[in-house]
Amino acid sequence: MSTIPENLNAILARIDAARKAAIAPASETRLVAVSKNHDADAVRPALEAGHRLFGENRVQEAAAKWPALKAQFPDAQLHLIGPLQSNKLKDALGLFDAIHSLDRLKLAEALHGEAEKGVKIPDLYVQVNTGEEPQKAGVAPREALAFVRQTRDQMRLPVIGLMCIPPVGEEPAMHFALLQKLAREARLARLSMGMSEDFETAIKFGATDVRVGTAIFGERKIILETSEG
Ligand SMILES: *Cc1c(COP(=O)(O)O)cnc(C)c1O
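Note that the sequence shown covers residues 41 to 269 in the working numbering.
This is the structure we're talking about:
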């Protein structure tokens, strides 16, 4: 079995190769190492190997795991990639350097309220439900442009990009292409798309942030039962 640092290096090499093969890659592609459902002992080897950008999908799990890791590695960056409930907002603002799941107006309004109080708002990505799946979070593609105008231009929130999770079992390329088109129309520079199975395809369509978990840390074990979704 390969080690976590070996997996990391292999993924970084594949990102590099995919960028070289792409006709029009983004000016950079960052690797968000998704450490959800892996405990601090699994994450530490990645930090020790020099990796600094991580993703978590639950506020509560991140709050239990990351303060100690950040104390040891103060320049580590943590991104929230999962749904954010309004009652977890304040905890999230203290923990995360970016939120990839701005998925509804109510959350934007709560963020705006915090900003008015002088709280620093992290970089935000609008999650777009490219497959228009009823059970999935995100703004509908046809509403994405208006939502960006409202949140970035009117509320002055730091919206820097779009994010999507393609439907399971569908060809992801058309979803990545749609997200890229919407980001161009909205004049947004960043695209959070691509996971273990499809990050190379996402890079072809200009991904700036690929979110890779299993291919680095292995299959997830459940380490925390939380009340969150
Ligand atoms: C878990 C998760 C990932 C990582 O998925 P892998 O298939 O393990 O690479 C990426 N994005 C989101 C939103 C996730 O919840």
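A virtual CB, placed ideally from N, CA and C, is assigned to each residue, including glycine. For clarity, every value in this text was computed on a predicted model and none was experimentally measured.
Cross-strand partners of R59 (DSSP beta bridge): DSSP, once it has assigned bridges, lists no residue as partnering R59.
Could you compute how far the alpha carbon of A247 sits from the alpha carbon of M233? Going by the C-alpha atoms only, they are around 6 Å apart.
Do E240 and A58 have their C-beta atoms within less than 8 Å of each other? Yes.
Simplified DSSP assignment, three categories, for D143: The answer is coil: DSSP assigns D143 none of H, G, I, E or B.
How far does the alpha helix (DSSP H) with F216 in it reach, from first residue to last? Unbroken alpha helix (DSSP H) run through F216: 212-226.
Rounded to whole angstroms, what is the Cα-Cα separation between V250 and D137? Cα-Cα distance, rounded: 16 Å.
Look up R251 in the DSSP assignment and say whether it is helix, strand or coil. R251 falls in the strand class under three-state DSSP.
So, at 7 Å on beta carbons, what are the nonlocal neighbours of F257 in its own chain, with the 5 sequence-adjacent residues on each side left out? Take F257, set aside five residues on each side of it, and the residues of its chain with a beta-carbon closer than 7 Å to its own are I44, S75, H78, A82, in chain order.
In this structure, how does DSSP classify N47 when only helix, strand and coil are distinguished? The three-state reading of DSSP puts N47 in helix, counting H, G and I together.
Taking the beta strand (DSSP E) that F113 belongs to, which residues open and close that run? F113 -> no beta strand (DSSP E), and no H or E assigned at all.
Could you tell me whether any non-hydrogen atom of ligand 1 is closer than 7 Å to the CB of N47? The answer is no for N47.
How about A237: is its Cβ closer than 7 Å to a heavy atom in ligand 1? As written in the sequence, residue 237 is Glu, which differs from the Ala given in the question. Yes; taking the cut-off as 7 Å, the Cβ of E237 has a heavy atom of ligand 1 nearer than that.
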